[in-house]
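Let me begin by presenting the structure, written as structure tokens, before commenting on it.
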Amino acid sequence: NIPANAKWSQNGVTVAGGNGRGGATNQLNLPFGLFVDDDQTVVIADSWNNRIIQWKNGDTTNGQVVAGGNGEGNGVHQLNQ
């Protein structure tokens, strides 16, 4: 648990997206969920792009689509929000 009076020793930095709304691999469009694994890879459910995209630790330039990204639908290569 984080106490209500916690103070951070560093400034925040953008590690994913940060280039406006869109569908490029350096953009997000209505991100809905976030997960950080043991290797500090950031995995995001990018809902309006119907994809799961990840950013490896240290690579803040472009993410990698790991699921979906082929439009909305029920196909094996698609996600539907």
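Start counting the sequence shown at 980; every next residue gets the next number (the working numbering).
For glycine and all other residues, C-beta sits at the position ideal for the given N, C-alpha and C.
Just so it is clear, the structure is predicted and the values come from calculations on it, not from any experiment.
If I follow the unbroken beta strand (DSSP E) through Trp-1034, where does it start and stop? Secondary structure note for Trp-1034: its beta strand (DSSP E) is the uninterrupted segment 1030-1034.
C-alpha distance - Phe-1014 paired with Gly-1042, whole-angstrom precision: C-alpha of Phe-1014 to C-alpha of Gly-1042: approximately 14 angstroms in a straight line.
Buried or exposed by the 16-neighbour rule on C-beta atoms within 10 Å, applied to Ala-1024: Per the 10 Å Cβ criterion, buried.
Straight-line Cα distance separating Gln-1060 from Glu-1051: Using only the alpha carbons, I get a separation of about 7 angstroms.
What whole-angstrom Cβ distance do Asn-1036 and Thr-1020 have, given they're in contact under 8 angstroms? Asn-1036 to Thr-1020, Cβ: 6 angstroms. Contact.
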